Amino acid sequence: MKTNKIVITALFIALSFIGANIKIMGTVAFDAMPGFLGALLLGPVYGGIIGGVGHFLTALTSGFPLSLPVHLVITVIMAATMAIFALVYKVLVKKNKVLAMILAIIVGVTVNGPINLLVLTPLLMPIMGKAGIFALVPVLSGVAAINAVVAVLIYKFLPRSLKKYENK
Numbered sequence: 013m014k015t016n017k018i019v020i021t022a023l024f025i026a027l028s029f030i031g032a033n034i035k036i037m038g039t040v041a042f043d044a045m046p047g048f049l050g051a052l053l054l055g056p057v058y059g060g061i062i063g064g065v066g067h068f069l070t071a072l073t074s075g076f077p078l079s080l081p082v083h084l085v086i087t088v089i090m091a092a093t094m095a096i097f098a099l100v101y102k103v104l105v106k107k108n109k110v111l112a113m114i115l116a117i118i119v120g121v122t123v124n125g126p127i128n129l130l131v132l133t134p135l136l137m138p139i140m141g142k143a144g145i146f147a148l149v150p151v152l153s154g155v156a157a158i159n160a161v162v163a164v165l166i167y168k169f170l171p172r173s174l175k176k177y178e179n180k
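In structure tokens, the structure reads:
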């Protein structure tokens with residue numbers, strides 16, 4: 013079973029690379045959807061790996077516009093975002109599946125957008141200034157919301173044969 017999870021993780025990382033090439037603004041791209049989906053399907057650890065590697069590939073294909081140290085921190089934050097997203101879903105799904113999906117999306121978007129920027133403020137302030145950081149909040153949050161919603165919708169309609177890899 014573990015080999016299957018590793019193969020599926022690699023597939024999701026490849027999908028993240030494709031999404032990394034659909035850029036909105038700098039390194040803001042559609043690389044997170046496979047991470048969110050992988051987190052739901054495979055659990056927090058695998059989802060975190062997919063999310064972290066996905067962001068790193070996006071930054072790599074953009075030439076690390078915010079510097080390598082900043083993107084390494086973002087890589088860790090993206091991994092944490094996917095893990096937290098999966099944990100929120102896993103804890104709440106037993107009580108109410110729809111509520112679990114909605115709250116997982118809200119938490120994932122909040123961690124990926126405002127909390128991410130709050131953590132990065134000391135590193136980004138000299139590069140972007142306060143106005144630049146504030147300008148990123150709606151962009152990051154909006155793209156994260158689209159990624160998470162698409163992942164949840166795909167997950168909802170996945171065939172049972174794929175859900176056998178679910179981390180229960």
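FYI, in the numbering used here the residues of the sequence shown are 13 to 180. Beta carbons: idealized from backbone N, C-alpha and C, even for Gly. As the structure is a prediction and not an experimental result, all values here were calculated from the model.
### Task
Reducing DSSP to helix, strand and coil, say where LYS106 ends up.
By one-based count along the sequence shown, residue 106 stands at place 94. It is coil, neither helix nor strand.
### Query
From PHE48 to ALA160, what distance separates their C-alpha atoms?
Along the sequence shown, read from residue 1 onward, the residue named residue 48 stands at position 36. Along the sequence shown, read from residue 1 onward, the residue named residue 160 stands at position 148. Distance between the alpha carbons of PHE48 and ALA160 is about 6 Å.
### Message
Considering only their Cβ atoms, is the gap separating LEU132 from VAL40 smaller than 8 Å?
### Response
Residue 40 sits at position 28 when you count from the first residue of the sequence shown. Residue 132 sits at position 120 when you count from the first residue of the sequence shown. No.
### Query
Would the beta-carbon of LEU23 be found less than 7 Å away from any heavy atom of the ligand NAP?
What this structure holds is no ligand at all, so the ligand NAP is not there to describe.
### Task
Sort out for me which residues DSSP pairs MET37 with in a bridge.
Here residue 37 refers to the residue found at position 25 when the sequence shown is read from its first residue. Paired residue(s): VAL40.
### Message
Can you give me the C-alpha to C-alpha distance between ILE86 and PRO171, rounded to a whole angstrom?
### Response
On the sequence shown, residue 86 is found 74 positions in, with the first residue counted as 1. On the sequence shown, residue 171 is found 159 positions in, with the first residue counted as 1. One C-alpha to the other measures close to 33 Å.
#### Entry: Residue nearest to ALA44 in terms of C-alpha spacing, selected from PHE24, GLY55, LEU54
Within the sequence shown, numbered from 1, the residue matching residue 44 stands at position 32. Ranking PHE24, GLY55, LEU54 by Cα distance to ALA44 puts PHE24 first.
### Cβ pair ALA1, PHE97 closer than 8 Å
Nothing about residue 1 can be read from this structure; the chain reaches only from 13 to 180.
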